[in-house]
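Residue numbers (the working numbering), protein chains in the order written: chain A, 302 to 690; chain B, 302 to 690.
Each residue gets a CB set at the ideal place from its N, CA and C atoms; glycine is no exception.
All values reported here derive from a predicted model rather than from experimental measurement.
Protein chains: 2
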Amino acid sequence: MQNFIYDVSTKVYFGPNQIKGNLSSEIKKFGSKVLIVYGGGTIKKLGLYNEIICELKNSSVEVFELSKIKPNPRSTSVLEGAKICKRENIDVVLAVGGGSVIDAAKFIAAGRYYDGDPWDFMTGEAEIQRALPIFSILTLAATGSEMDACGVITNEKTKEKLGKASPFLRPKVSFLDPTLTYSVSKYQTACGSADILSHIIETYFYSYDAMYMLDKFMEGLMKTVIKHAPIALREPKNYQARANLMWTSSWAINGLIKQDKTHEWSCHPIEHELSAFYDITHGLGLAILTPRWMRYVLDEENVDRFYGFGVNVFDIDKNLSKMEVAKKAIYKLEEFLYKDLNLTDTLTKLNIDDRYFEIMAGRITKNGALKGFKDLDKDDIVKIYQACL
Amino acid sequence: MQNFIYDVSTKVYFGPNQIKGNLSSEIKKFGSKVLIVYGGGTIKKLGLYNEIICELKNSSVEVFELSKIKPNPRSTSVLEGAKICKRENIDVVLAVGGGSVIDAAKFIAAGRYYDGDPWDFMTGEAEIQRALPIFSILTLAATGSEMDACGVITNEKTKEKLGKASPFLRPKVSFLDPTLTYSVSKYQTACGSADILSHIIETYFYSYDAMYMLDKFMEGLMKTVIKHAPIALREPKNYQARANLMWTSSWAINGLIKQDKTHEWSCHPIEHELSAFYDITHGLGLAILTPRWMRYVLDEENVDRFYGFGVNVFDIDKNLSKMEVAKKAIYKLEEFLYKDLNLTDTLTKLNIDDRYFEIMAGRITKNGALKGFKDLDKDDIVKIYQACL
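Written as structure tokens, this is what we have:
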């Protein structure tokens with residue numbers, strides 16, 4: 302077990318009707334000029350936009366806006382937001398939306414203090430030295446960006462989708478109101494749940510030397526998604542289901558379970574190339590990839606981790622052989638993703654063929670094998686993509 | 302499920318050898334004059350005292366000291382520490398020790414900004430408006446004070462032991478080094494583990510409408526104590542065991558599992574009277590009381606909670622009747638506390654008889670019944686004390 306630093310300071314207001322009074326008083330600790338970052342019309346349909354504007358104007362907070370942030374948020378939007386922050390001398394960046402909007406807000410906040418294009422943060426050409434305080438009002442349980450210190454941005458020109466972490470990117474305050482996710486479609490709920498589950502699986506598998514206590518926590522988080530995502534699909538306004546998914550999305554990735562380890566994730570980098578090339582929903586890409594990755598890497602040496610996963614998450618009979626449990630666990634995961642969540646189970650059904658597999662795998666491994674639960678070279682990754690057809 | 306605010310900002314350095322460089326750089330964010338608060342000679346025997354002094358002096362931090370803090374820390378020590386803070390214009394209070402030392406440091410830090418005796422905070426005569434930044438270096442896994450916002454102080458004159466919570470009391474930075482607990486005696490390890498377990502049990506039982514996700518987390522925390530405390534007794538230098546106990550002590554009480562609910566604990570207030578009257582170790586008092594409390598409150602209406610406890614924490618056969626599982630669970634808990642941890646199982650063996658039971662129960666219920674998982678009036682509490690003889 303290695304040393305770690307736990308430093309997760311995001312303050313969370315959880316539950317409905319928490320915005321009034323609290324949003325403006327929290328913002329005023331940092332200033333009085335806010336840039337609201339959001340996507341399309343959803344927050345207007347929800348009445349949320351009006352609620353926020355009303356709350357802020359009543360407290361004499363000056364409001365600026367950047368809308369039309371897309372899923373897989375674009376570097377061009379980040380650049381535009383950073384320019385507004387500089388020009389208007391913004392004090393706080395407030396993201397209202399899902400993970401894409403929050404991710405964009407994070408690099409906008411950091412871009413405020415950088416002369417060049419914030420895309421340079423993603424490529425490593427520039428370091429994040431500072432950022433404006435970031436607030437979020439979450440409308441989709443998925444990425445966990447509301448409480449973590451990283452984000453992912455897509456560059457359309459170069460077809461690159463890159464992630465970056467920095468302590469300056471962690472939101473200061475996040476509002477998590479499960480009722481705001483009542484109107485999230487079945488498809489988006491399913492993709493979001495697959496994303497949450499993937500964050501836990503990635504961490505669970507590379508942290509095979511984790512503390513027992515954190516293993517139990519991760520298994521509990523996985524059980525929570527598996528139990529509550531299908532309920533949210535059947536009953537979109539089930540508060541318990543929406544609340545469990547939302548709070549689990551935050552704890553899946555905020556830092557507690559990973560014990561400060563460098564990310565050594567496998568499916569995420571493999572998926573990022575897929576959504577960079579084909580702009581598919583991130584959670585769907587993960588749902589297609591994860592069981593194939595598991596089947597590809599499973600062997601006699603690492604079967605113990607799969608055994609724990611099967612017994613403690615899927616309640617598979619612990620008296621079966623380890624390999625039997627492992628294989629059953631992968632099958633159970635597929636059943637959850639493709640039957641319970643009704644997600645598409647192959648790339649072929651998304652009209653994706655093998656033409657870019659070599660290029661995508663090459664980009665992932667351009668600096669050497671992909672380190673993780675089991676290190677993967679270019680050939681391995683191509684084979685995993687092929688298994689998804 | 303009710304709304305809550307999650308706001309746990311303590312930064313934790315976990316693992317050995319984290320003090321050097323980090324302690325002074327974190328302190329210097331707040332100033333350069335430190336009051337070190339500690340108990341007896343243990344930290345000198347450990348070499349920890351010298352390590353800290355060396356680290357601070359090398360960074361030109363000016364050091365003041367208050368030692369001889371006792372278990373069940375006294376209001377007189379708190380008053381003395383607050384006077385030093387005022388006189389020397391201290392910037393940071395650094396607790397080095399277990400929960401008693403950290404609790405004392407908390408009210409010393411708050412007392413810095415209060416003209417009267419900090420004991421007034423405990424009785425409600427004064428409100429905590431501000432506090433110096435509090436740091437801790439933990440040497441005993443038990444109370445969770447290293448990451449929570451409350452503390453308990455004993456007034457020897459009035460024989461009162463009172464707790465108080467305030468966001469100003471939450472440590473800014475805590476150092477959790479499991480190797481510092483290698484030399485903790487079997488008895489103190491057992492009492493500390495009983496205390497940790499009690500914090501989780503108290504919360505688990507009053508939060509019967511908690512989120513599933515938090516239920517799973519609490520069950521995981523309880524399983525962690527039950528698995529690792531006996532290992533720590535057998536092998537005092539088992540890093541995994543000590544680390545699991547230490548990190549569990551923090552998460553048992555830092556705020557995540559309680560979902561911001563007002564404390565409605567049962568065994569703690571009943572135990573506080575015991576240790577106020579007889580100065581017994583808090584964790585031991587809890588170990589004697591908890592199974593008796595359980596047996597006293599268990600009924601057909603609340604049996605579901607005991608059933609979940611039995612099946613998910615002690616792996617009792619889920620096909621037994623609910624009442625059977627509940628009773629077996631209480632028996633298993635006793636077995637853990639009195640056999641595995643080898644703790645004393647009756648008050649009689651501690652030479653405590655029934656002479657003050659009425660007075661103690663009267664003090665707990667002087668403002669009405671003790672609210673909790675099941676509300677208890679004076680008679681109920683006397684009966685629970687009697688069952689401990």
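Whole-angstrom C-beta distance between Ala491 (chain B) and Leu644 (chain B), which should lie under 8 Å: 5 Å
Within chain A, partners of Ser325 (chain B) - CB distance below 8 Å: For Ser325 (chain B), none of the residues of chain A pass the 8 Å Cβ criterion, the least Cβ distance being about 16 Å.
Three-state class that DSSP yields for Gly464 (chain A) in the structure shown: strand
Local Cβ density within 10 Å of Ile660 (chain B), reported as buried at 16 or more and exposed below that: exposed
Short CB-CB distance (under 8 Å) between Thr549 (chain B) and chain A: yes
Chain A contact residues for Val365 (chain B), given Cβ-Cβ distances below 7 Å: Strictly speaking, residue 365 (chain B) in this sequence is Phe, with Val absent from that position. The premise fails here: Phe365 (chain B) is roughly 27 Å from chain A at the closest Cβ pair, so nothing lies under 7 Å.
Limits of the beta strand (DSSP E) - the one that Asn545 (chain A) falls within: Membership of Asn545 (chain A) in any beta strand (DSSP E) is not indicated; the residue belongs instead to the alpha helix (DSSP H) covering 540 to 552.
Minimum Cβ-Cβ distance from Leu522 (chain B) to chain A less than 8 Å: yes
Candidates B:Ser467, B:Ala533, B:Phe506, B:Ser446, of which the one nearest Tyr483 (chain B) by Cα: B:Ala533
Within the region 552 to 635 of chain B, ranges of the alpha helix (DSSP H) (whole runs, at least 4 residues): 568 to 579, 583 to 598, 604 to 614, 623 to 635
Residues near Thr582 (chain A) by beta carbon distance below 6 Å, same chain, minus five either side: Cys492
Partners in chain B for Thr525 (chain A), counting only beta-carbon separations shorter than 7 Å: Within chain B, the residues near Thr525 (chain A) are Tyr513, Met514, Lys517.
Cβ-based burial, Val393 (chain A) [other Cβ within 10 Å; buried from 16]: buried
8 Å contact criterion, which Ser376 (chain A) and Asn304 (chain A) should meet: CB distance rounded: With 8 Å as the limit, Ser376 (chain A) and Asn304 (chain A) do not qualify as a contact, their Cβ atoms being about 35 Å apart.
Close beta carbons around Phe637 (chain B), own chain, < 7 Å, minus the five adjacent residues each side: Ile527
For Tyr505 (chain A), the first and last residue of its enclosing beta strand (DSSP E): Tyr505 (chain A) -> not in any beta strand (DSSP E); alpha helix (DSSP H) instead, spanning 487 to 507.
Nearest-angstrom Cα separation, counted from Pro479 (chain B) out to Ser360 (chain A): Inter-residue distance for Ser360 (chain A) and Pro479 (chain B) is about 48 Å (C-alpha atoms, whole angstroms).
C-beta atoms of His500 (chain A) and Gly556 (chain A) nearer than 8 Å: no
Chain A within 8 Å of Lys528 (chain B), Cβ atoms only: yes
Nearest-angstrom beta carbon gap, Thr311 (chain A) and Lys465 (chain A) [assumed within contact, 8 Å]: Incorrect: roughly 18 Å between the Cβ atoms, too far for contact.
Closest by C-alpha distance to Asp502 (chain A), when choosing among A:Met595, A:Leu585, A:Pro419: What sits at residue 502 (chain A) in the sequence shown is Ile, not Asp. Residue A:Met595 is the option with its Cα nearest to Ile502 (chain A).
Interface positions of the region 307 to 319 of chain B facing chain A (Cβ-Cβ less than 9 Å), listed along the chain: Listed by position, the residues of the region 307 to 319 of chain B near chain A (Cβ gap below 9 Å) are Tyr307, Asp308, Val309, Ser310, Thr311, Lys312, Val313, Tyr314, Phe315, Gly316, Pro317, Asn318, Gln319.
Nearest-angstrom Cα separation, counted from Asp646 (chain A) out to Gly609 (chain B): 36 Å
is_contact[Ala544 (chain A), chain B] using C-beta, thresh 8 Å: yes
Where Lys705 (chain B) sits in the DSSP three-state scheme: Chain B is shown only over 302 to 690; residue 705 (chain B) falls outside these bounds and no answer can be derived.
Contacts that Tyr540 (chain A) makes with chain B (C-beta to C-beta distance below 8 Å): Met302
Beta carbon of Tyr339 (chain B) nearer than 8 Å to that of Val402 (chain B): yes
Gly398 (chain B) to Lys345 (chain B) span [Cα, whole Å]: 11 Å
Cβ neighbour criterion (16 or more within 10 Å) applied to Cys568 (chain A): buried
Closest Cα partner of Gly382 (chain B) within the set B:Ser368, B:Pro372, B:Phe607: Out of B:Ser368, B:Pro372, B:Phe607, B:Ser368 has the C-alpha closest to the C-alpha of Gly382 (chain B).
Own chain partners of Lys321 (chain B) with C-beta closer than 8 Å, once the 5 adjacent residues on each side are dropped: Once the five neighbours on either side are set aside, the close Cβ partners of Lys321 (chain B) are Glu352, Glu356.
Nonlocal neighbours in the same chain, by C-beta distance under 7 Å from Glu520 (chain A), ignoring five residues either side: Asn613, Val614
Cβ separation of Ala553 (chain B) and Leu590 (chain B), assumed to be a contact under 8 Å, to the nearest whole Å: Not really, about 17 Å apart at Cβ, beyond 8 Å.
Trp420 (chain A) versus Gly412 (chain B) - alpha carbon distance: 49 Å
Best match in B:Phe436, B:Asp449, B:Phe422 for proximity to Ser326 (chain B) [C-alpha to C-alpha]: B:Phe436
Contact set between Phe305 (chain B) and chain A, taken where Cβ atoms lie within less than 9 Å: Val313, Tyr314, Phe315, Gly316
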